[in-house]
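Just so we're aligned: the sequence shown equals residues 1 to 265 in the UniProt record's numbering. Notes follow once the structure below has been shown.
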Amino acid sequence: MWFSILSIVFYVLALLLIAPILLNTKSVQDSKRPQKLPLFITALCAIVFHIFSIYPLLTDLVTGQNFTLLEIGSLFSVIIAIFAALFMLRVNTMWLLLPIVYAFAIINIVAATFIPSHIIQLLNQNTSLLFHIGLSVFTYALCFIAMLYSIQLVWIDRSLKARKTQFSPAIPPLMTVERHFFCLFTISELLLTFTLISGTYHLLQSINIETIHKAAFSCAGWLIFGIGLVGHWKYHWKGKKMIVYTISGMILLTIAYFGSRLISS
1 MWFSILSIVF
11 YVLALLLIAP
21 ILLNTKSVQD
31 SKRPQKLPLF
41 ITALCAIVFH
51 IFSIYPLLTD
61 LVTGQNFTLL
71 EIGSLFSVII
81 AIFAALFMLR
91 VNTMWLLLPI
101 VYAFAIINIV
111 AATFIPSHII
121 QLLNQNTSLL
131 FHIGLSVFTY
141 ALCFIAMLYS
151 IQLVWIDRSL
161 KARKTQFSPA
171 IPPLMTVERH
181 FFCLFTISEL
191 LLTFTLISGT
201 YHLLQSINIE
211 TIHKAAFSCA
221 GWLIFGIGLV
231 GHWKYHWKGK
241 KMIVYTISGM
251 ILLTIAYFGS
261 RLISS
């Protein structure tokens, strides 16, 4: 429990470091570029303690033991936080997303640590299953970050059109966010395709309500993402249309994973 508490403390500190940067409305000439190192170190401490707090879950993943629904959410959140920390060092379009990522991690840690949940049974452990689980978690995390990018993209676009906001230097140019979003969105769709292919084997090995539910909603999410990508490439969809497809696809993927766990429990 202490690892969880320390992780929450450092996530909160990271949020406090981000807030002044995003609330800075000085002109670009009068403002300094945000310092990444203090925030990165704080976020890294939060992630390390977060990993320690879910270490038993990682052990269970290898041995094929029981999971709780909220522990899975905590696993997703720490992977998303790791991606965000790595991207923060090289990509300047992550600043607006970091508060959402860290808040998501805090909520999941609190829920997994202090709130009892339904117990679910993982399928018997084997190499192909571990590969599928790892790929699924990795893909879900990327899809989640892509969804956050789409929200950020629409917010910046609306603010620029309304001319209501003087942006901090930490807030990236619209075209840069758009380029990163579609790159990440494409990678997420490709990984989701591989995830569905790897999951087909397990579906055929164990056909039941849970696996059918998972497969149906996962395929629906994959299809929605695919339509969004084709629309962007062929019809140059942007803005509202893309955020609708991205959020809709993410909702379907979330229902596929967490909904199937609720059914089994």
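For glycine and all other residues, C-beta sits at the position ideal for the given N, C-alpha and C.
Check, Outcome
"7 Å Cβ shell around residue 78 - same chain, five flanking residues per side excluded", "47, 50, 51, 54, 105"
"Own chain residues within Cβ distance below 6 Å of residue 225, not counting five before or after", "189, 249"
"Residue ranges of each alpha helix (DSSP H) within the stretch 214-265, 4 or longer", "240-254, 260-264"
"Residue 37, buried or exposed, once every other Cβ within 10 Å from all chains shown has been counted against 16", "exposed"
"Within 9 Å, strictly: CB atoms of residue 229 and residue 185", "yes"
"Exposed unless 16 or more other CB atoms sit within 10 angstroms - verdict on residue 200", "exposed"
"Residue 38 in three-state terms, based on DSSP", "helix"
"Residues near residue 237 by beta carbon distance below 6 Å, same chain, minus five either side", "231"
"Span separating the alpha-carbon of residue 206 from that of residue 43", "40 Å"
"Range of the contiguous alpha helix (DSSP H) that encloses residue 188", "174-205"
"Counted within 10 angstroms of its Cβ, other Cβ atoms place residue 182 as buried (16 or more) or exposed", "buried"
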